[in-house]
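Q: Below is the structure I would like to discuss, written out as structure tokens.
In this note's numbering, the protein residues as written are 16 to 237.
Structure below.
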């Protein structure tokens, strides 16, 4: 399991520093339903990542991965996923705000104040496992774990560790809120502003690094 965890950790870091989910959580934590919506969002995030990643790992293992010699399809999939991550990096860089411009906040975030716990949970699932960047990363992690070990228990254990590391970006702000309550508002607002301002640069760098890694791992399997 150690090998599976080690190989998936760089991908987990890519999910961890996703700016927009952190911004969404912060907006919930400064709303009237902060406690319930924050809890629902974090729960949805954790469930979405773990279920998707575990499903991919188990399917990949059932299709013949997890042996000493990874199948050709697994190597090809890594190359394809890496190429898609590089394309997202290009898109992120092109979409960055120009000099002197303020990075816009997505319009859908304006509705977060009106969310209930169920909508917050669904938003956590969507941002954790369905948005294009995280979807590619979690699928990449599931494939990586499946090619590192064929033991189902080890795969699920590695995915649990991956989910925890990948979730630190939302768990830390949520933990700050639980410990300090309303006093966390100023700090959380600062985190939100920094994440919005640097979203494009952060994501471009991460996507390039992870995309190159996935392509390299795939080519190295031949």
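Every residue gets a Cβ at the ideal spot worked out from N, C-alpha and C, and that includes glycine.
These numbers were taken from a predicted model, which means no experiment stands behind them.
State buried or exposed for residue 36, treating a residue as buried only when at least 16 other CB atoms are found within 10 Å of its CB.
A: Under this definition residue 36 is a buried residue.
Q: Within the continuous alpha helix (DSSP H) that includes residue 36, where are the two ends?
A: Segment 34-44, the alpha helix (DSSP H) holding residue 36.
Q: Quick check on residue 65: does DSSP put it in helix, strand or coil?
A: Correct three-state label for residue 65: helix.
Q: Does DSSP put residue 16 in a helix, in a strand, or in coil?
A: Reduced to three states, the DSSP call for residue 16 is coil.
Q: Can you tell me which of the three DSSP states residue 56 falls into?
A: Reduced to three states, the DSSP call for residue 56 is helix.
Q: Pairing CB atoms from the stretch 187-201 with CB atoms from the stretch 47-58, are three or more of them under 8 angstroms?
A: With the cut-off at 8 angstroms, the stretch 187-201 and the stretch 47-58 touch.
Q: Check the Cβ-Cβ distances between residue 182 and every residue of chain B, and say whether any is below 8 angstroms.
A: Among the protein chains of the structure shown there is no chain B, as only one such chain exists.
Q: Please return the same chain residues whose Cβ sits closer than 6 angstroms to the Cβ of residue 210, not counting the five positions on each side in sequence.
A: Contacts found: 34, 37, 38.
Q: For residue 47, is the classification buried or exposed, using 16 other Cβ atoms within 10 angstroms of its Cβ as the cut-off for buried?
A: Under this definition residue 47 is an exposed residue.
Q: On the three-state DSSP scale, how would you describe residue 204?
A: Residue 204: helix per DSSP, three-state reduction.
Q: When DSSP labels each residue in this structure, what does residue 155 get in the three-state scheme?
A: Helix, per DSSP.
Q: DSSP on residue 166, reduced to helix/strand/coil?
A: Residue 166: coil per DSSP, three-state reduction.
Q: Go through its chain and collect everything with a Cβ distance to residue 180's Cβ below 6 angstroms, but skip five positions before and after it.
A: Excluding residues within five positions, the ones whose Cβ falls inside 6 angstroms are 27.
Q: Please name the residue in 74, 122, 43 whose C-alpha comes closest to that of residue 165.
A: Minimum Cα distance to residue 165 is reached at 74.
Q: What's the gap between the Cα of residue 154 and the Cα of residue 127?
A: So the alpha carbons of these two residues sit roughly 28 angstroms apart.
Q: Got a sec? Which residues, its chain only, sit under 6 angstroms from residue 108 by beta carbon, not counting five neighbours each side?
A: Same-chain partners within the cutoff: 219.
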